[in-house]
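Sequential numbering from 393 applies to the sequence shown in the working numbering.
Glycine included, C-beta positions come from ideal geometry on N, C-alpha and C.
Input: a single structure, listed below in structure tokens.
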Amino acid sequence: MQSVPQEPSFQLGTAYWNQRQVLRARRDRVLALIRAVDNAGDLSSFQWAQLMAAVLEFKPSLVLELGRSFGNSTCAFNEAANVLNSQGHPCRVVSLCLSDNWEALVEPRVRQVVEESWFQSLEALRANILTFDYDRVIQGAARCLVFWDAHGFTVAECVLGNILPRIADRPNLVLMHDMLDVRYLPPESRLYEQNVLWKGNNWSGPRVRLGHIESTVEQAVAIVDFASRNGIPLESADHSIRTRIGDDPGKLQEMRQVLGEELFSLCGNWFYFSLGDARQSLTFPRFAPPAPEQIKAPKSKSNPPAVRPGWWARIRHKLRQAAKAALKRC
Ligand SMILES: C[S@@+](CC[C@H](N)C(=O)[O-])C[C@H]1O[C@@H](n2cnc3c(N)ncnc32)[C@H](O)[C@@H]1O
């Protein structure tokens, strides 16, 4: 693997520290939103706080969320967008997902927690990431933050070849979920034990290890390839928090006191980068849109899935939740 510079310009650890009092002020509401979403398996409470810190510090005018499902990250981002708007920094969240979990289940519960105006900054769309018209939302957005939490090589190709070229000319930050920093995993995590070789998205045990990145999802492979070609440092939330906060006993104690264990952890289990940190002229893969018959339509009442999720889908979901819970222990 080609070596790339280690120090990106944005530091999540610095953002977490700088935004600690803002996060503390919203703590009760954030915890109420977490209860309303009621899907802790997809994003832990400290990750909510970390994603909010990234938005509060970077001050994007657009947060583009790729993959909403039950909407943990959607709420974290929109809560941060509400704070930014109240501080005079216009910020909107555009969230794309095939799933209707948000409108069918979660949004009515969130309405019990927040005022009507909270939704003004949020556009939660049931749309396919592969076919979405990005010009409409990206045009006019001076600063863009992308949250990449939908998986598979085709989505990765769309992110790297279709979305990133559109935001490369302005300040940008890309956050990637479901990626672990090997430097902070226990030594025995290197062992295959009973696992077969990782061959693609797999929540039953096998993971792919690439340098100091470990993951169950394909985007880890795609982003290491992309970052290596472009000389872009990939930073982990874990490394940034540990070096900016964890190595300073005074800061560590204060973060624990101010945020408590729900909203503070030295663990992140996600990575980020900015195209602005590239040390080479940027090169992007060609995005080949899938053939129409391969495109999944968003689920809706007028367009129900052909087959209801069966026992295998339910088992896969349970495996995924168990694997995610295991990842969170650090
Ligand atoms: C891991 S979940 C997102 C979790 C969410 N970010 C959270 O914090 O709760 C990934 C979601 O991406 C969606 N997804 C996958 N491929 C997609 C595509 N091509 N277009 C839109 N959504 C997609 C899936 O339907 C799924 O709901």
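Tell me the rounded alpha-carbon separation between I615 and N593. One-based indexing of the sequence shown puts residue 615 at position 223. One-based indexing of the sequence shown puts residue 593 at position 201. The straight-line gap from Cα to Cα measures roughly 15 Å.
What's the C-alpha gap between G638 and A680? For the purposes of this step, residue 638 is taken as residue 246 along the sequence shown, with counting starting at 1. For the purposes of this step, residue 680 is taken as residue 288 along the sequence shown, with counting starting at 1. Each residue's Cα considered, the two are about 43 Å apart.
Thinking C-beta only, is F656 closer than 9 Å to Y408? Position 16 of the sequence shown holds residue 408. Position 264 of the sequence shown holds residue 656. A contact, by the Cβ cut-off of 9 Å.
If distances are taken between C-alpha atoms only, which option among D430, A496 and L476 comes closest to S384? The shown model of the chain, from 393 to 722, leaves out residue 384, and the question about it has no answer.
In this structure, how does DSSP classify R412 when only helix, strand and coil are distinguished? By 1-based counting over the sequence shown, the position of residue 412 is 20. Helix, per DSSP.
Indicate whether Q442 and A629 have their beta-carbon atoms separated by less than 9 Å. By one-based count along the sequence shown, residue 442 stands at place 50. By one-based count along the sequence shown, residue 629 stands at place 237. Yes; because the gap between Cβ atoms is below 9 Å, this pair is in contact.
Closest by C-alpha distance to D541, when choosing among E507, T608 and L476: Residue numbering aside, residue 541 sits at position 149 when the sequence shown is read from its first letter. Closest by alpha carbon: T608.
On a Cα-Cα basis, can you pick out the residue from M647, Q686 and L565 that is closest to S401? Your numbering for residue 401 matches position 9 in the sequence shown. Cα-wise, what sits closest to S401 is L565.
Tell me whether V538 sits in a helix, a strand or coil according to DSSP, three-state version. Residue 538 sits at position 146 when you count from the first residue of the sequence shown. Three-state result, V538: strand.
Only counting the same chain, and skipping five residues up and downstream in sequence, which positions put a Cβ closer than 8 Å to that of A698? Working through the sequence shown from its first residue, we reach residue 698 at position 306. In this predicted model, A698 has a pLDDT of only 36, less than 50, meaning its place in the structure is not dependable; the value taken from the coordinates is given anyway. Correct list: empty, nothing qualifies.
Check whether the Cβ of N594 sits closer than 8 Å to any heavy atom of ligand 1, and report yes or no. Here residue 594 refers to the residue found at position 202 when the sequence shown is read from its first residue. No.
Outcome for A446 when other beta-carbon atoms lying within 10 angstroms are tallied against a minimum of 16: For this step, residue 446 is matched to residue 54 along the sequence shown. With 16 or more Cβ atoms within 10 Å of its Cβ, A446 is classed as buried.
At the level of alpha carbons, what is the spacing between A548 and E610? Against the sequence shown, residue 548 aligns to sequence position 156. Against the sequence shown, residue 610 aligns to sequence position 218. Cα-Cα distance, rounded: 8 Å.
Close Cβ partners of N587 (< 6 Å) along its chain, the five nearest in sequence each way excluded: Start at 1 with the first residue of the sequence shown, and residue 587 comes out as number 195. Answer for N587: G597 and P598, listed in chain order.
Going by beta-carbon coordinates alone, are N605 and D640 separated by less than 9 Å? Reading the sequence shown from its first residue, position 213 is the one you call residue 605. Reading the sequence shown from its first residue, position 248 is the one you call residue 640. A small fix is needed here, since residue 605 is Ile in this sequence, not Asn. Their beta carbons are not under 9 Å apart, which means I605 does not touch D640 by this criterion.
Closer than 8 Å: is that where the CB of N341 sits relative to any heavy atom of ligand 1? No statement about residue 341 is possible, as the shown extent of the chain runs from 393 to 722 and does not include it.
For the beta strand (DSSP E) that contains Y584, what are its first and last residues? Position 192 of the sequence shown, counted from the start, is the residue given in the question as residue 584. First-last for Y584: undefined, no H or E at that position.
The alpha helix (DSSP H) enclosing L425, as first and last residue numbers: Within the sequence shown, residue 425 is the residue found at index 33, counting from 1. That run of the alpha helix (DSSP H) goes R419 to V429.
Determine the closest residue to P682 out of A619, N661, R648 and G544, with distance taken between C-alpha atoms. Taking the first residue of the sequence shown as 1, we reach residue 682 at position 290. Cα-wise, what sits closest to P682 is G544.
How is F402 classed by DSSP in three states: helix, strand or coil? Counting from one through the sequence shown, the residue named residue 402 turns up at place 10. F402 falls in the coil class under three-state DSSP.
Is E457 near ligand 1 - that is, is its Cβ less than 8 Å away from at least one heavy atom of it? To locate residue 457, count along the sequence shown from 1; it is residue 65. Result yes, Cβ under 8 Å from ligand 1.
Neighbourhood of P701 by C-beta, 6 Å cutoff - its chain only, sequence neighbours within 5 removed: In the sequence shown, the residue the question calls residue 701 occupies position 309. Low confidence applies here, because P701 scores a pLDDT of 40, under 50, leaving its location unreliable; read the following figure in that light. Closer than 6 Å at the Cβ level, and outside the excluded window around P701, lies no residue.
For Q512, which option in L651, C483, K451 and P690 has the closest C-alpha, if you only look at C-alpha atoms? Position 120 of the sequence shown, counting from 1, holds the residue named residue 512. Checked all of L651, C483, K451 and P690; the closest Cα to Q512 is C483.
DSSP bridge partner residues for S607 (one or two, in chain order): In the sequence shown, residue 607 corresponds to position 215, counting from 1. Bridge partners of S607: M571 and V600.
The beta strand (DSSP E) spanning V749 covers which residue range? Outside the shown range of the chain, which is 393 to 722, sits residue 749, and nothing can be said about it.
Within 8 Å: the Cβ of F539 and any heavy atom of ligand 1? For the purposes of this step, residue 539 is taken as residue 147 along the sequence shown, with counting starting at 1. Correct: F539 has its Cβ closer than 8 Å to ligand 1.
Sufficient close CB pairs (3 or more, under 8 Å) joining the stretch 489-499 to the stretch 524-533: no
State the Cα-Cα distance for the pair A689 and T546, rounded to the nearest angstrom. Locating residue 689 in the sequence shown gives position 297, where the first residue counts as 1. Locating residue 546 in the sequence shown gives position 154, where the first residue counts as 1. Using only the alpha carbons, I get a separation of about 15 Å.
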